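So for the sequence shown, my numbering puts the first residue at 64; every next one is plus one.
Quick notes on the structure that follows.
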Amino acid sequence: MNLLIDQGCFKIYYRDPDTTGNRLFLSAHTSTVMDAVAEFNLIKGGFDTPLRIERYNTYGKLTDVFNMDGRYGVPRRKDMAYAL
């Protein structure tokens, strides 16, 4: 059985064009960055925004940070982003 606790999650930070404020989208059922972005595009569609994607492991620790110029851009991994 595949439980939610087995996967960790992705947090996607983006700028909302309607309120011009920063927002958070949580993707808990995906295993790759592109799957998380595809889920974000499906649910929050219709605008272009730069993205910051953070990957958390099952213990809640930050493992990876990715930046994208737009919703359909190429994710760039930020090195040593989690070694704070």
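Don't be surprised by glycine CBs; every beta carbon is placed ideally from N, CA and C.
Since we're looking at a predicted model, the values are computed, not measured.
- One alpha carbon belongs to Glu102, the other to Asp111, and they sit about 15 Å apart.
- The Cβ atoms of Leu125 and Glu117 sit closer than 7 Å to each other.
- Residues of the same chain with a CB within less than 7 Å of the CB of Asp132, apart from the 5 flanking positions on each side, are Pro113 in chain order.
- Around Gly84, the same chain offers Arg78 as residues with beta carbons nearer than 8 Å, after the five sequence neighbours per side are excluded.
- Annotation for Asn104: no beta strand (DSSP E) segment contains it, though the alpha helix (DSSP H) segment containing it runs Val96 to Ile106.
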